[in-house]
Amino acid sequence: EVQLVESGRLVVQPGGSLRLSCAASGFTFDDYTMHWVRQAPGKGLEWVSLISWDGGNTYYADSVKGRFTISRDNTKNSLYLQMNSLRTEDTALYYCAKDSSRGELDYWGQGTLVTVSS
Amino acid sequence: DIQMTQSPSSLSASVGGRVTITCRTSQGISNFLAWYQQKAGKAPKLLIYAASTLQSGVPSRFSGSGSGTDFTLTISSLQPEDVATYYCQKYNSAPLTFGGGTKVEIK
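In order, the protein sequence lines correspond to chains A and B. Residue 1 is where the first sequence starts when you use my numbering, and the numbers rise one by one after that. Residue 119 is where the second sequence starts when you use my numbering, and the numbers rise one by one after that.
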């Protein structure tokens, strides 16, 4: 059974930094591209970033480019999102998601809530 | 970047009724479009990929169609368990943009 488990609830001040983690199991992690998607309270889904199976290719939404860095450790079956220069508008539930290999997202974690507030 | 326009933003239909949601892209994306269902308090669930292919385990009352710039998600006979918000997403290239969502309720 595929499982994606993100790190727990987190609170940080504006301008601060945070690293999210996602532990994957139930599939061959290093065969798949992985994604981060976020959802602000009461709002829709926003794609954030993706990383290829080997970490060689990464892409970002314009809203986070230059502030967030996606990475992975295939030896630990883990996905990460380093978030710097955080803003109040980054407050959201952050989901990690598995790429099917065709591009759509076929499995999602339960999400981890990041609150940016003073 | 390609813009996604999803409509309507909300709708209400009777149990057993037919529901149609549309998604339009500002440039052609072939059939690189997926539909997701998100129930309240839950993570999104993949319903349809490649515009019209049903994900394994998804009821056959859900169907998708379209190619290029215009896409449709149809629920042929709305059931109470289909109350949710539905999102389209393009995945031909990054950024993998989502539509704004359609909230479906029972009348």
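Glycine is no exception: its CB is placed at the ideal position from the N, C-alpha and C atoms.
Three-way DSSP call (helix, strand, coil) for Phe150 of chain B in this model:
coil
(Q) By the 8 Å beta-carbon criterion, what residues does the stretch 161-188 of chain B contribute toward chain A? (A) Ala161, Pro162, Lys163, Leu164, Tyr167, Ala168 and Gln173
- Please go through the same chain and pick out, in chain order, the residues whose beta-carbon is closer than 6 Å to the beta-carbon of Asn77 of chain A, but skip the five residues on each side of it. Ala24 and Phe29
Proximal chain A residues relative to Thr215 of chain B, where beta-carbon distance stays under 8 Å | Within chain A, Trp47 have C-beta atoms less than 8 Å from the C-beta of Thr215 of chain B, given in sequence order.
(message) Along the chain, where does the beta strand (DSSP E) containing Ala202 of chain B start, and where does it finish?
(response) Ala202 to Lys208
- prompt: Within 10 angstroms of its Cβ, does Ala40 of chain A collect 16 or more other Cβ (buried), or is it exposed?
  reply: exposed
Compute the distance between the beta-carbons of His35 of chain A and Leu50 of chain A, then report whether it is under 8 Å. yes
Exercise. So, using beta-carbon positions, are Leu10 of chain A and Pro162 of chain B closer together than 8 Å?
Worked result: no
Note to self: Let me confirm a value: Arg87 of chain A is counted as buried when at least 16 other C-beta atoms fall within 10 Å, else exposed. Which label applies?
What the structure shows: exposed
- On the three-state DSSP scale, how would you describe Phe189 of chain B? Here Phe189 of chain B carries a strand assignment [DSSP, helix/strand/coil].
Fill in: Ile224 of chain B burial status per 10 Å Cβ neighbour count (16 or more: buried)
exposed
For my contact list, Arg136 of chain B and Thr192 of chain B are in at a C-beta cut-off of 8 Å; report their separation, rounded to the angstrom.
Correct: roughly 7 Å between the Cβ atoms.
_Paired residues, beta bridge with Tyr80 of chain A - DSSP_ = A:Ser21 and A:Ser71
What's the gap between the Cα of Ser100 of chain A and the Cα of Thr190 of chain B? Near 22 Å, if we compare the C-alpha coordinates of Thr190 of chain B and Ser100 of chain A.
task: Inspect the beta-carbon positions of Leu196 of chain B and Gly134 of chain B and report whether they are closer than 8 Å.
output: yes
task = Taking Gln124 of chain B as part of the beta strand (DSSP E), name the residues at either end of that continuous run.
result = According to the DSSP assignment, Gln124 of chain B belongs to the beta strand (DSSP E) that extends over Met122 to Ser125.
Subject >> Residues sharing a beta bridge with Thr216 of chain B, DSSP >> reply: Contrary to the premise, residue 216 of chain B reads as Phe rather than Thr in this sequence. B:Gln207.
Between which residues of its own chain and Arg67 of chain A is the CB-CB distance below 6 Å, once the five residues before and five after are set aside?
Asn84 and Ser85.
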